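*Asks:* Take the sequence shown: its letters are residues 1 to 286, numbered as in this note's numbering.
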Amino acid sequence: MNITAVLQHKYGFEELNWNHTNFVIETNVGTKKVTYWRDRNLLEYHLNFRDRLFSKSGIMCNRMIRTRDGLPCVQIDQSFVTIHDVIDSSSAIDDDPEFKGFLIASLLEVSKDFPYINQKDRDVFPYKASIESLTHLKDKNQKYYSLLVRTIPKVKQRLTPHKKMPPICYDGNELKVVEGQYYYDLSDAPPQPAHQVIRRALGFERIEDTQACWGSLLNAISKELADQVVSALISPWEWQECINRMHSCEDEEEIYYRFEKEWEATMELCDALKLSIPARRTFSYE
Numbered sequence: 001m002n003i004t005a006v007l008q009h010k011y012g013f014e015e016l017n018w019n020h021t022n023f024v025i026e027t028n029v030g031t032k033k034v035t036y037w038r039d040r041n042l043l044e045y046h047l048n049f050r051d052r053l054f055s056k057s058g059i060m061c062n063r064m065i066r067t068r069d070g071l072p073c074v075q076i077d078q079s080f081v082t083i084h085d086v087i088d089s090s091s092a093i094d095d096d097p098e099f100k101g102f103l104i105a106s107l108l109e110v111s112k113d114f115p116y117i118n119q120k121d122r123d124v125f126p127y128k129a130s131i132e133s134l135t136h137l138k139d140k141n142q143k144y145y146s147l148l149v150r151t152i153p154k155v156k157q158r159l160t161p162h163k164k165m166p167p168i169c170y171d172g173n174e175l176k177v178v179e180g181q182y183y184y185d186l187s188d189a190p191p192q193p194a195h196q197v198i199r200r201a202l203g204f205e206r207i208e209d210t211q212a213c214w215g216s217l218l219n220a221i222s223k224e225l226a227d228q229v230v231s232a233l234i235s236p237w238e239w240q241e242c243i244n245r246m247h248s249c250e251d252e253e254e255i256y257y258r259f260e261k262e263w264e265a266t267m268e269l270c271d272a273l274k275l276s277i278p279a280r281r282t283f284s285y286e
């Protein structure tokens, strides 16, 4: 099958040049990007997500160009192909803290409308599962098992009840300006857990920028959603991840050192955002 000819016919390009060594094609209406999808559910998710992001928030993004028949993709064998506009990277801008906060808020709102059906992690902290997994570490390494057990009081302080949050379609891609409007270039990756996305978005070097991003984020969402965001952000995910890493890696010392650094970074972030964590909380360990 001549894929170039198929795409030229389906999209009605008068000219199409593609050497197949990259995913960029030159057409009579400009440079375009080709994306292959094997997971139809992921394709449908991105299709709906991007359309909704534009219509709900006005943020431009790399939506799927429709074929002459109005379809968002072309099926070729067992894969699906989509075509997108390419925005010159020279239009990329430095981080804008306030707009990034608005962007994350918009992504959160769209994620509520279009949850990714294959995503199991819904940002509810798996405390009971983590305790069970921790117990299984006792025979593997008594030292780090004991250290992680002694952390449980602090872990409990950071546990807050909250509703499930869907993952977010964001991975820190470039933000650009097109004719005076912001343009966000999404990748074709599956959505990520909300707490990871929010933490990454707040990763500015200056505290003032982090606070500006956070304030913009909270101002653009409801009180209910803001409470969920705070709960997801302060939950002790690094503790749970440390336990999981201990099971799959022999370098326990390096894993525990990384856990301590991540815990400290979270505390610093919470302090910068003025998020309160109870000094004491009654707990029991079984």
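Note that the Cβ used here is the ideal one computed from N, Cα and C, for glycine as well. On a predicted model such as this, the values are computed, not experimentally measured, just so you know.
1. Are the segment 218 to 238 and the segment 91 to 106 touching, with three or more C-beta to C-beta distances below 8 angstroms?
2. V178: buried (16+ other C-beta within 10 angstroms of its C-beta) or exposed?
3. Are there 16 or more other CB atoms within 10 angstroms of the CB of K274, so buried, or fewer, so exposed?
4. Let's see if you can read the secondary structure: which residues bound the beta strand (DSSP E) around Q78?
5. Spatial neighbours of K112 within its chain, please: CB distance less than 7 angstroms, with the 5 preceding and 5 following residues excluded, ordered by chain position.
6. Unbroken beta strand (DSSP E) runs of length 3 or more, entirely within the segment 157 to 198: which are they?
7. Kindly indicate the opening and closing residues of the beta strand (DSSP E) around G58.
8. By Cβ distance below 7 angstroms, which residues in the same chain neighbour N48 in space, the five residues on each side in sequence not counted?
9. Output the boundary residues of the alpha helix (DSSP H) element that contains K223.
10. What is the DSSP secondary structure of K138, counted as helix, strand or coil?
11. State the beta-bridge partners of D85 as determined by DSSP.
12. Using the beta-carbon count (16 or more within 10 Å), is Q8 buried or exposed?
13. In this structure, does DSSP put I104 in helix, strand or coil?
14. Considering Cα atoms alone, identify which of T27, V149, S89 is closest to E174.
15. Are the CB atoms of L134 and Y145 within a distance shorter than 8 angstroms?
16. For Y317, count the other beta carbons within 10 Å of its own beta carbon; 16 or more makes it buried, fewer makes it exposed. Which is it?
*Replies:* So, to answer that:
1. yes
2. Taking all protein chains in view, the Cβ of V178 is surrounded by fewer than 16 other Cβ atoms within 10 Å, so the residue is classified as exposed.
3. exposed
4. First-last for Q78: undefined, no H or E at that position.
5. P166
6. 175 to 178, 181 to 184
7. Counting along the chain, G58 falls outside any beta strand (DSSP E), and DSSP gives it neither H nor E.
8. F114
9. 223 to 234
10. K138: coil per DSSP, three-state reduction.
11. Residue pairing by DSSP places D85 opposite K32 in a beta bridge.
12. buried
13. helix
14. S89
15. yes
16. As displayed, the chain neither begins before 1 nor continues past 286, which places residue 317 out of reach and without an answer.
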